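Undergrad:
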Amino acid sequence: MSIPFIDLAAQQKNIRPLIDEAIAKVLDSGQYIMGKPVTELEEKLAEFAGTKYALSCSSGTSALVLCLMAQHITKNDAVFVPSFTFIATAESVLLAGGTPVVVDVEPDTFNMSPADLRLAIEDAKAKGLNPKVVMPVDLFGLMAKYDEINKIAAENNMVVIADSCQSFGASQNGKRAGSMGLMTSTSFFPAKPLGCYGDGGAIFTDSDEMLELVRSFRIHGMGADRYENIRIGINGRLDTIQAAVLLVKMSVFEEELQKRQVVAARYREGIKNATHQVIGEGNFSAFAQYSFLTDKRNELQNHLKEAEIPSMIYYPIPIHRQAAYVSYCDYRKFPVSDMLSEKIISLPMHPYLDEATQDFIISKVNEVIG
Ligand SMILES: *Cc1c(COP(=O)(O)O)cnc(C)c1O
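Each residue of the sequence shown is one higher than the one before, starting from 75 at the first, in my numbering.
#1: Enumerate in chain order the residues of its own chain whose CB-to-CB distance from L287 is below 6 Å, with the five nearest sequence positions on each side excluded.
#2: Are the CB atoms of M217 and Q246 within a distance shorter than 7 Å?
#3: For R300 and M284, I'd like the C-alpha separation in whole angstroms.
#4: Could you check where the alpha helix (DSSP H) with D102 kicks off and where it finishes?
#5: Have a look at R305 and M423 and give me their C-alpha separation to the nearest angstrom.
#6: Whose CA, out of E95, A362 and E117, lies closest to the CA of M335?
#7: Sorted by chain position, which residues of the same chain lie with C-beta nearer than 6 Å to V233's C-beta, five sequence neighbours on each side aside?
#8: Determine the DSSP secondary structure at C141, reduced to helix, strand or coil.
#9: Is the CB-CB distance between P205 and Y402 below 7 Å?
#10: With a threshold of 16 other CB atoms inside 10 Å of the CB of E95, please say whether the residue is buried or exposed.
#11: Output the distance between the C-alpha atoms of G307 and F291, rounded to the nearest integer angstrom.
#12: Using the beta-carbon count (16 or more within 10 Å), is R90 buried or exposed?
#13: Would you kindly work out how many angstroms separate the C-alpha atoms of G134 and I383, rounded to a whole number?
#14: With a Cβ-Cβ cutoff of 7 Å, do H350 and F327 count as a contact?
#15: Might you give, ordered along the chain, the residues of its own chain that have their beta carbon closer than 6 Å to the beta carbon of H377, omitting 5 neighbours on each side?
#16: Is it the case that the stretch 353-362 contacts the stretch 118-133, given that we only count it when at least three CB pairs across the two stretches are under 8 Å?
#17: What separation, rounded to the nearest whole angstrom, lies between the Cα atoms of L268 and L320?
#18: If I'm right that N150 touches L203 with Cβ under 8 Å, what's the distance once you round it to whole angstroms?
#19: Count the other CB atoms within 10 Å of the CB of L101; is the residue buried (16 or more) or exposed (fewer)?
#20: Which ranges would you report for the alpha helix (DSSP H) in the stretch 130-176 if only whole runs of at least 4 residues count?
#21: Kindly indicate which three-state DSSP category N357 falls into: helix, strand or coil?
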């Protein structure tokens with residue numbers, strides 16, 4: 075029996091009758107775009123995150139683009155993003171018409187370095203850019219250092235748009251992902267902590283003004299009515315079927331988050347000879363991934379492959395080394411991101427990982443690095 079990296083089948087087995095029923099209801103209703111499940115989901119998401127509003131979107135990437143569109147960014151505006159992240163973080167800045175300024179990350183949290191953010195702001199100004207938005211990423215489910223980042227943003231008249239695409243369900247000092255910046259984006263890609271059966275995402279905000287803008291941009295820049303188009307927008311809506319699937323998945327989500335804590339704690343305990351991501355005090359990670367650093371990464375990955383244990387490298391190529399992005403980054407240095415890309419490895423991680431399988435994975439890891 076092969077070990078899955080993320081076991082969506084185990085989850086589906088638990089909730090399949092509810093999923094079938096929810097999808098059948100949408101099919102019967104005849105409404106496949108927007109409608110009641112979408113509104114209901116948005117209410118539940120906002121309640122969960124502790125925000126005034128949640129707006130569902132077609133993906134995490136479109137959610138990020140919509141947030142940036144609502145800030146009316148131009149080529150002259152700098153949007154600060156970490157180098158060690160999924161490409162969509164930086165991509166959304168360029169799609170929305172801004173200029174990404176890439177910031178290095180910390181060697182312990184793997185998240186945006188507030189110290190390097192300060193330096194990057196100066197570098198951006200020296201290039202004639204206007205510092206406008208900070209977009210921290212909550213890597214692997216651990217929220218970035220929002221206290222420090224919000225302070226730096228306020229000092230520089232910038233807004234924070236959080237890329238919480240990996241961290242829905244996480245919290246920091248009692249506040250959940252979604253409530254840390256002016257706006258937050260999350261993703262419901264199937265492999266994320268809360269995933270649908272296709273593409274999906276959401277925006278969270280407390281701001282009436284921002285809600286009105288992203289809502290309009292999400293449906294072709296609509297005005298008072300769908301065929302009055304007062305802005306240049308996109309098609310960024312969530313499908314009704316995906317909303318219905320997410321409503322079912324939300325009913326087991328809290329329990330799954332708790333199960334992820336148990337799996338993560340067992341990895342941390344079992345794998346002694348590695349540098350684990352530091353989950354600082356007051357943080358509750360959504361553990362989208364379980365990742366650690368080792369000098370023997372390539373040897374370990376080969377050994378796991380021989381034992382038929384899947385592992386992944388998130389991320390082998392940081393943003394500043396991606397061909398299409400080099401020209402936006404070549405005036406800065408990213409030693410920590412470079413180091414992480416050479417040493418990081420992610421192990422199978424999901425709420426349904428049983429103890430025996432996990433013990434097997436841990437023992438195989440320790441055969442190389444123990
Ligand atoms: C997954 C992800 C995205 C994009 O989400 P999609 O739903 O796949 O578009 C953006 N940023 C980060 C950090 C992600 O992990």
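Cβ atoms here follow ideal geometry from the backbone N, Cα and C, with glycine treated the same way.
For clarity, every value in this text was computed on a predicted model and none was experimentally measured.
TA: According to the structure shown:
#1: A144
#2: yes
#3: Each residue's Cα considered, the two are about 19 Å apart.
#4: Its alpha helix (DSSP H) spans residues L82 to S103.
#5: If I take the Cα positions, the gap works out to 42 Å.
#6: According to the sequence as given, residue 335 is Gln; it is not Met. Answer by Cα proximity: A362.
#7: V207 and L256
#8: helix
#9: no
#10: exposed
#11: 4 Å
#12: Here R90 is exposed, its C-beta having fewer than 16 other C-beta atoms within 10 Å.
#13: Using only the alpha carbons, I get a separation of about 29 Å.
#14: no
#15: V442
#16: no
#17: 8 Å
#18: Contact between N150 and L203 is confirmed by a C-beta separation of about 6 Å, below the 8 Å threshold.
#19: exposed
#20: 134-143 and 162-169
#21: N357: strand per DSSP, three-state reduction.
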